[in-house]
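This report concerns only the one structure given below.
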Amino acid sequence: MLTELEEKIVASIQEDMPIVHRPYLVLARQIGVTEAQYLETLQSLCDRGVIRRFGVTIRHQKSGFGANAMTAWIVDEDRIETVGEIMASFVEVSHCYRRNPTGSWPYNLYTMIHGTDEADCIETAGKMSEKADVRTYQLLFSRRELKKTSMKYYPDAI
Amino acid sequence: MHQLDDTDRDLVNLIQSDFPITPEPFQAIGDQVGLTASEVIRRLDTLKKNGFIRRIGGNFVPEKLGFVSTLCAAKVPQDKIELFADTVNEYPGVTHNYLRENEYNVWFTFIAPSMVEIQDNLLSISERTGVRDILNLPATKVFKIRAEFTLS
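Taken in order, these protein sequences are the chains called H and A. Counting along the first sequence from 1, when you hit position 19 you're at 19 in this note's numbering, and nothing is skipped either side. To convert, count from 1 in the second sequence and add 158; that's this note's numbering.
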């Protein structure tokens, strides 16, 4: 799917870039290519959508977005497209997915809502419920972070 | 905690996505916000050291790298939470794992080369922990993914 060079570049850019004047030169040397080859291939991975987002990742807790609630909704399947789009249009929502319901868990739409605190998330969910006309939902606040890391793709590539 | 000034906010808002892919990216960023490259580096270094910035790098679409991803939820008895969390967290493909307030109280994301591998791992987690009720909820449609937050 990816070339050997592309896998190396993914592996080299999936953690933390050095904050120095020529960061790509440092990364290129680590995998034994020129800076120009590195930049060209990295740009191509972005252009093809393999890299969804390239840049700074911030810690929410320190940025005024202190609370988040995974919210699960039960939506009529024949309205799911419309409802999904409405939910996704809220700026407070970072993620919105449809997932298959199961016998013991009948929810089929999921949104991640961010706010200054839990009350703020509850209020946003209320507005979403109103606007999308979906009345059955649950906010699942996180009580403890058990793990948070980024995926290490191709650990043996470099 | 270190307070961000307006320049810090402008900087971060500018490079949460579309970080420049040019030989001297910090120079390019500086040109846009009216700072020298060294000043950009100094500010980002500080934001990194005080924990405001988690990392600078790529975020990938697992499917485009030949991987699959899913969300799992488990009903774990109170006295098994530590065992269950330790067991699940051993897998490098488990990237996020949270204790949540619900009967399904442990929610984690799982990335692997195939869904068969994920199913096998879930079975093995069940056997090792005695937790039988684990849901596998892969997304069938993505309406939105945005990991950027405009700071104001």
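For each residue, glycine too, the CB sits at the ideal point set by N, CA and C.
(request) Using a Cβ cut-off of 8 Å (strictly closer), state whether P23 of chain H contacts chain A. (result) yes
(request) Can you give me the Cβ contacts of K127 of chain H inside the same chain, cut-off strictly under 8 Å, excluding the 5 residues immediately before and after it? (result) F90
(request) Please report how far the alpha carbon of R200 of chain A lies from the alpha carbon of K207 of chain A, in whole angstroms. (result) Cα to Cα, R200 of chain A sits roughly 11 Å from K207 of chain A.
(message) Taking the alpha helix (DSSP H) that N279 of chain A belongs to, which residues open and close that run?
(response) 273 to 287
(request) Take E40 of chain H and list the residues in its own chain whose beta-carbon comes closer than 8 Å to its own, dropping the five residues that flank it on each side. (result) Sequence-distant Cβ neighbours of E40 of chain H in its own chain, meaning closer than 8 Å and more than five residues away, do not exist here.
(message) Would L293 of chain A and Y249 of chain A be called neighbours here (beta carbons separated by less than 8 Å)?
(response) no
(request) Whole angstroms is fine: what's the gap from E240 of chain A's alpha carbon to V246 of chain A's? (result) 10 Å
(request) Could you tell me whether the Cβ of V33 of chain H comes closer than 8 Å to any Cβ of chain A? (result) Using beta-carbon distances, V33 of chain H does not count as an interface residue toward chain A, since no partner is under 8 Å.
(request) Taking the CB atoms as reference points, tell me whether I9 of chain H and Y38 of chain H lie closer together than 8 Å. (result) yes
(request) Under the assumption that N255 of chain A contacts A243 of chain A (Cβ atoms under 8 Å), give the Cβ distance between them as a whole number of angstroms. (result) At roughly 7 Å, the Cβ-Cβ gap stays under 8 Å, so N255 of chain A and A243 of chain A are in contact.
(request) Tell me whether the beta-carbon of L223 of chain A lies closer than 8 Å to the beta-carbon of L5 of chain H. (result) no
(request) Go through its chain and collect everything with a Cβ distance to Q138 of chain H's Cβ below 6 Å, but skip five positions before and after it. (result) A72
(message) Taking the alpha-carbon of R304 of chain A as reference, which of H:M112, H:A119, H:T116, H:R98 has the nearest alpha-carbon?
(response) H:M112
(request) For N161 of chain H, count neighbouring Cβ atoms within 10 angstroms of its own Cβ and tell me buried if that reaches 16, exposed if not. (result) With chain H represented from 1 up to 158, any question about residue 161 of chain H goes unanswered, as that position is not in the structure.
(message) Against M87 of chain H, what residues of chain D qualify as contacts under a CB-to-CB distance less than 9 Å, listed in chain order?
(response) Checking the listed chains, one finds no chain D in this structure; the protein chains it contains are H and A.
(request) State yes or no: is the C-beta of M70 of chain H within less than 8 Å of the C-beta of Y97 of chain H? (result) no
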